[in-house]
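Q: Counting from 8, one number per residue, gives the positions in the sequence shown under the working numbering. All C-beta atoms in this analysis are idealised placements derived from N, C-alpha and C, irrespective of residue type, glycine included.
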Amino acid sequence: MKKFDRLRLVGAASVTAAALVLAGCSGASDSGSSNGSGDKGSASSAPAGLDIEIKPAGDINPKSRDEIQDGGELTLALGELTEQQNRFHANMTTDTSGVWNWYNPELTMSTGEGEWSPNPDYLTDAKEDIVDGNTVVTYTINEKAVYNDGTPIDWKSFENTWKFNNGKDYEVEVNSTDGYEQIKSVERGKSDKEVVVTFDGAYPWWQGLFNYLLHPAIDSAEKFDNEYLGKVRPEWGAGPFKVESSDFKAGTITFVPNEKWWGDAPKLDKVTFRAMESQAVINAFQAGEIDAAGVASKNNLKIAADMGDKIDIRASLRTANVLFTLNSRAPQLKDVNVRHAIFAGIDRAQLATIRYNGLGYEEELPGSLTLYSIQEDYQDNLSDVLKFDPEESRKLLEGAGYSEGADGYYEKDGERLTLRYVLVGDDEVSKSTAAAIQKMQKDIGVEVKIEERPSSEFSKILAENDFDLFLSGIFSSDPYGVAYFGQTYLSA
Numbered sequence: 008m009k010k011f012d013r014l015r016l017v018g019a020a021s022v023t024a025a026a027l028v029l030a031g032c033s034g035a036s037d038s039g040s041s042n043g044s045g046d047k048g049s050a051s052s053a054p055a056g057l058d059i060e061i062k063p064a065g066d067i068n069p070k071s072r073d074e075i076q077d078g079g080e081l082t083l084a085l086g087e088l089t090e091q092q093n094r095f096h097a098n099m100t101t102d103t104s105g106v107w108n109w110y111n112p113e114l115t116m117s118t119g120e121g122e123w124s125p126n127p128d129y130l131t132d133a134k135e136d137i138v139d140g141n142t143v144v145t146y147t148i149n150e151k152a153v154y155n156d157g158t159p160i161d162w163k164s165f166e167n168t169w170k171f172n173n174g175k176d177y178e179v180e181v182n183s184t185d186g187y188e189q190i191k192s193v194e195r196g197k198s199d200k201e202v203v204v205t206f207d208g209a210y211p212w213w214q215g216l217f218n219y220l221l222h223p224a225i226d227s228a229e230k231f232d233n234e235y236l237g238k239v240r241p242e243w244g245a246g247p248f249k250v251e252s253s254d255f256k257a258g259t260i261t262f263v264p265n266e267k268w269w270g271d272a273p274k275l276d277k278v279t280f281r282a283m284e285s286q287a288v289i290n291a292f293q294a295g296e297i298d299a300a301g302v303a304s305k306n307n308l309k310i311a312a313d314m315g316d317k318i319d320i321r322a323s324l325r326t327a328n329v330l331f332t333l334n335s336r337a338p339q340l341k342d343v344n345v346r347h348a349i350f351a352g353i354d355r356a357q358l359a360t361i362r363y364n365g366l367g368y369e370e371e372l373p374g375s376l377t378l379y380s381i382q383e384d385y386q387d388n389l390s391d392v393l394k395f396d397p398e399e400s401r402k403l404l405e406g407a408g409y410s411e412g413a414d415g416y417y418e419k420d421g422e423r424l425t426l427r428y429v430l431v432g433d434d435e436v437s438k439s440t441a442a443a444i445q446k447m448q449k450d451i452g453v454e455v456k457i458e459e460r461p462s463s464e465f466s467k468i469l470a471e472n473d474f475d476l477f478l479s480g481i482f483s484s485d486p487y488g489v490a491y492f493g494q495t496y497l498s499a
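Written as structure tokens, this is what we have:
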């Protein structure tokens with residue numbers, strides 16, 4: 008399971024006709040080391056008379072399998088049916104993994120508190136030992152586990168997953184090598200259904216690896232790049248659901264029960280995802296066309312509140328951080344002092360106020376990309392080194408050779424310092440945030456031009472680095488933040 012999946016910033020919350028995952032991309036987590044108190048944020052004076060409780064470990068309605076009726080269809084919104092559908096690829100996003108997980112093996116499970124366990128439909132055991140100072144993990148695979156094309160799920164899938172994620176083949180554009188590059192060997196155990204993974208030294212975060220598998224049919228960098236490009240591969244899946252149909256132009260994909268599944272039959276008859284913009288999502292939810300919608304914005308939350316007893320509103324903390332990304336390859340951002348100046352001109356507190364406006368919620372600014380504020384060992388390592396200081400911004404720009412023009416903007420060699428802020432989607436929070444950043448940068452003498460693009464281009468924009476300034480998020484899929492220093496800090 009990867010620590011970071013790139014996610015498009017929208018008002019992340021969930022209303023279902025039956026659901027809000029409130030506090031969208033905030034510095035909060037449902038981690039294993041959470042104190043569970045939620046005392047880092049508050050939800051006083053909830054809007055529209057709502058009494059919303061923020062639950063760090065998730066706000067769900069657990070039922071036993073026997074309590075759930077058979078049948079029914081579920082329709083959900085998707086930001087984008089991404090062109091790259093390989094969840095291990097560098098160009099994947101949260102939308103990629105969201106689709107992948109519906110029809111591919113998920114070998115492990117995790118509670119809202121971050122407690123890990125093997126999924127018995129795929130793994131009957133996972134055991135850790137220390138041998139000569141090395142972490143050795145032995146996985147026992149369910150004898151019934153098989154891909155839809157008949158290929159057994161065995162030790163070869165583990166080996167293939169490791170080889171494509173360990174960073175040794177520079178032609179492979181992989182999402183992350185963290186953890187996999189620490190593995191010395193992946194070998195067959197007592198049978199093909201037993202896997203022995205040996206690390207080079209101790210590796211305490213092994214539970215963050217091999218949560219998903221890469222089918223052995225992917226055996227070259229070319230196939231890794233291209234076999235999931237603009238298509239899904241149902242035959243390489245293995246799970247309770249299979250792909251019934253997909254339309255990348257329309258942005259839709261549908262899943263139905265998999266007759267080859269060896270576990271308990273799924274309860275739903277059909278699950279459909281439809282790609283749509285944020286405003287279309289809430290409209291479709293109101294019209295009964297989809298079954299859940301994000302409402303972590305002032306207007307959308309009011310719309311949900313006005314729907315009364317027809318719906319449930321659920322709130323939790325999202326294990327994600329917002330990143331304001333500067334493209335260091337852009338001509339006017341190659342100088343580190345210019346980049347420093349841009350950052351010093353950003354008032355994070357004001358952006359947080361915009362983010363939570365009208366939600367009756369607030370929290371302290373995130374101070375770490377390693378742990379979240381509700382995790383036990385969290386500490387703020389950012390606030391003291393990156394302060395909002397417009398005067399410092401101007402000094403840095405002047406030190407980089409820029410001078411202020413008569414119009415208040417800085418220029419160098421006759422060229423104004425102008426940057427392109429690429430805004431994805433149509434949600435109100437993202438637009439307000441972009442406008443605020445534009446004003447902040449104007450105040451330090453930097454011109455920012457906002458370029459609006461549809462959500463369907465999110466992954467393409469990232470893959471091509473087609474921006475100067477870009478706001479997006481990174482979502483954590485497990486609580487082992489220390490294990491992912493590479494993704495966080497290594498240069499490309």
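CB-CB under 7 angstroms to S463, same chain, minus the five flanking residues each way: which ones, in chain order?
A: Position 456 of the sequence shown, counted from the start, is the residue given in the question as residue 463. The residues are E87, G258, A282.
Q: Strictly by DSSP, which residues pair up with R195?
A: In the sequence shown, the residue the question calls residue 195 occupies position 188. In the DSSP output, where bridge partners are listed per residue, R195 has V202.
Q: Counting only runs of 3+ residues fully inside the region 145 to 169, write out the beta strand (DSSP E) ranges in chain order.
A: Correct list: empty.
Q: Can E5 and E422 be called in contact, C-beta distance under 9 angstroms?
A: The shown model of the chain, from 8 to 499, leaves out residue 5, and the question about it has no answer.
Q: Look up P241 in the DSSP assignment and say whether it is helix, strand or coil.
A: For the purposes of this step, residue 241 is taken as residue 234 along the sequence shown, with counting starting at 1. In this structure, DSSP gives P241 a helical state, which the three-state scheme calls helix.
Q: Taking C-alpha atoms, which residue in N328, K249, G121, L236 lies nearest to R362?
A: Counted from its first residue, the sequence shown places residue 362 at position 355. Nearest of N328, K249, G121, L236 to R362, Cα basis: N328.
Q: Restricting to runs no shorter than 4 residues, where is the alpha helix (DSSP H) found entirely within the region 306 to 391?
A: 343 to 351, 355 to 362
Q: How long is the line joining the alpha carbons of T101 and S466, rounded to whole angstroms?
A: Here the question's residue 101 lines up with position 94 in the sequence shown. Here the question's residue 466 lines up with position 459 in the sequence shown. Those two C-alpha atoms are separated by around 10 angstroms.
Q: Do you know offhand how far D271's Cα is from T158's?
A: For the purposes of this step, residue 271 is taken as residue 264 along the sequence shown, with counting starting at 1. For the purposes of this step, residue 158 is taken as residue 151 along the sequence shown, with counting starting at 1. D271 and T158: Cα-Cα distance of roughly 21 angstroms.
Q: Kindly confirm or deny that the region 365 to 372 and the region 437 to 450 touch, where touching means at least three C-beta pairs closer than 8 angstroms.
A: no
Q: How far does the alpha helix (DSSP H) with G208 in it extend, from its first residue to its last?
A: Taking the sequence shown and counting its residues from 1, one reaches residue 208 at position 201. Premise fails: G208 is in no alpha helix (DSSP H) and is neither H nor E.
Q: What span of residues does the alpha helix (DSSP H) with T103 cover, start to end?
A: Locating residue 103 in the sequence shown gives position 96, where the first residue counts as 1. Start and end: 101 to 110.
Q: Quick one, are the C-beta atoms of L478 and T326 less than 9 angstroms apart?
A: Taking the sequence shown and counting its residues from 1, the one referred to as residue 478 is at position 471. Taking the sequence shown and counting its residues from 1, the one referred to as residue 326 is at position 319. Result no, Cβ atoms of L478 and T326 do not sit closer than 9 angstroms.
Q: So E284 and D433 are in contact, right, with Cβ under 8 angstroms, and what is the actual spacing, rounded?
A: Locating residue 284 in the sequence shown gives position 277, counting from the first residue. Locating residue 433 in the sequence shown gives position 426, counting from the first residue. Under the criterion of beta carbons closer than 8 angstroms, E284 and D433 qualify as touching, at roughly 5 angstroms.
Q: As an exercise, report each continuous alpha helix (DSSP H) stretch of at least 4 residues that is fully enclosed by the region 436 to 494, in chain order.
A: 465 to 470
Q: Starting from K267, trace the alpha helix (DSSP H) in both directions and tell me its first and last residue.
A: To locate residue 267, count along the sequence shown from 1; it is residue 260. Neither: K267 is in no alpha helix (DSSP H) and is coded neither H nor E.
Q: When the Cα atoms are used, what is the spatial distance from N42 to E399?
A: Against the sequence shown, residue 42 aligns to sequence position 35. Against the sequence shown, residue 399 aligns to sequence position 392. Confidence at N42 is low in this model, with a pLDDT of 31, below 50, so its placement is unreliable and the value that follows should be read with caution. Distance between the alpha carbons of N42 and E399: 38 angstroms.
Q: Looking at V143: is its Cβ nearer than 9 angstroms to the Cβ of V193?
A: Residue 143 sits at position 136 when you count from the first residue of the sequence shown. Residue 193 sits at position 186 when you count from the first residue of the sequence shown. Their beta carbons are not under 9 angstroms apart, which means V143 does not touch V193 by this criterion.
Q: For a test of the three-state rule: what should DSSP assign to Y496, helix, strand or coil?
A: The residue you call residue 496 lines up with position 489 of the sequence shown. In the structure shown, Y496 sits in a helix (DSSP, three-state: H, G or I).
Q: Quick one: measure Cβ to Cβ for A223 and K151, integer angstroms, because I've assumed they're closer than 8 angstroms.
A: Along the sequence shown, read from residue 1 onward, the residue named residue 223 stands at position 216. Along the sequence shown, read from residue 1 onward, the residue named residue 151 stands at position 144. According to the sequence as given, residue 223 is Pro; it is not Ala. Incorrect: roughly 18 angstroms between the Cβ atoms, too far for contact.
Q: Buried or exposed: which applies to F492, given that a residue is buried once 16 or more other Cβ atoms fall within 10 Å of its Cβ?
A: Your numbering for residue 492 matches position 485 in the sequence shown. The residue is exposed, with fewer than 16 neighbouring Cβ atoms inside 10 Å.
Q: Please go through the same chain and pick out, in chain order, the residues whose beta-carbon is closer than 8 angstroms to the beta-carbon of L476, but skip the five residues on each side of it.
A: In the sequence shown, residue 476 corresponds to position 469, counting from 1. The residues are F331, T332, L333, N334, I349, L426, R427, Y428, V429, I444, V455.
Q: Given L241, which residues of its chain have a CB within under 8 angstroms of its CB, disregarding the five upstream and five downstream residues?
A: Indexing the sequence shown from 1 puts residue 241 at position 234. Reading the sequence as shown, one finds Pro at residue 241 and not Leu. Result list for P241: Y110, N155, K249, V250, in chain order.
Q: For Y129, I'd like the list of residues in its chain whose CB is within less than 6 angstroms of its CB, leaving aside the five on either flank, ordered along the chain.
A: Locating residue 129 in the sequence shown gives position 122, where the first residue counts as 1. Closer than 6 angstroms at Cβ, skipping near neighbours: P112, L114, N149, A152.
Q: Determine the direct distance from the alpha carbon of A356 to that of G237, and round the result to whole angstroms.
A: Translated into positions along the sequence shown, residue 237 becomes position 230. Translated into positions along the sequence shown, residue 356 becomes position 349. Rounded to the nearest angstrom, the two C-alpha atoms are 40 angstroms apart.
Q: Contact check, L57 vs A299 under 8 angstroms by CB: the rounded distance?
A: Against the sequence shown, residue 57 aligns to sequence position 50. Against the sequence shown, residue 299 aligns to sequence position 292. Contact flag wrong, Cβ pair sits at about 17 angstroms.
Q: Would you identify the three-state DSSP class for E398, choosing helix, strand or coil?
A: For this step, residue 398 is matched to residue 391 along the sequence shown. Helix at E398.
Q: Grab the span of the alpha helix (DSSP H) containing D232 for me, first residue to last.
A: As a position in the sequence shown, residue 232 is number 225, starting the count at 1. Per DSSP, the continuous alpha helix (DSSP H) segment holding D232 begins and ends at 228 to 233.
Q: Report yes if the C-beta distance between W213 and G186 is below 9 angstroms; otherwise report no.
A: Taking the first residue of the sequence shown as 1, we reach residue 213 at position 206. Taking the first residue of the sequence shown as 1, we reach residue 186 at position 179. A contact, by the Cβ cut-off of 9 angstroms.
Q: Just tell me which of G301, E122, N364, L378 has its CA closest to the CA of A64.
A: Here residue 64 refers to the residue found at position 57 of the sequence shown. Ranking the options by Cα distance to A64, first place goes to E122.
Q: Cα separation between E405 and P461?
A: In the sequence shown, counting from the first residue as 1, residue 405 sits at position 398. In the sequence shown, counting from the first residue as 1, residue 461 sits at position 454. Approximately 36 angstroms, taken between the alpha carbons.
Q: Please confirm whether K274 and D77 have their CB atoms less than 9 angstroms apart.
A: In the sequence shown, the residue the question calls residue 274 occupies position 267. In the sequence shown, the residue the question calls residue 77 occupies position 70. The answer is yes: Cβ separation under 9 angstroms.
Q: So is L216 buried or exposed if we call it buried at 16+ other beta carbons inside 10 Å?
A: What you label residue 216 is simply residue 209 of the sequence shown in a count that begins at 1. Counting Cβ neighbours within 10 Å, L216 comes out buried, since at least 16 surround it.
Q: If we count the other Cβ atoms within 10 Å of its Cβ and call it buried at 16 or more, is P338 buried or exposed?
A: Residue 338 sits at position 331 when you count from the first residue of the sequence shown. Looking at its Cβ environment, which holds fewer than 16 other Cβ atoms inside 10 Å, P338 is exposed.
Q: Based on DSSP bridge pairs, tell me the residues matched to V278.
A: Stepping through the sequence shown from its first residue, residue 278 is reached at position 271. In the DSSP output, where bridge partners are listed per residue, V278 has L81, F262.
Q: Find the nearest neighbour of K267 within the set G244, S253, A312, L403, judged by alpha-carbon distance.
A: Sequence index remark: in the sequence shown, residue 267 carries index 260 (1-based). With distances taken between Cα atoms, K267 lies closest to G244.
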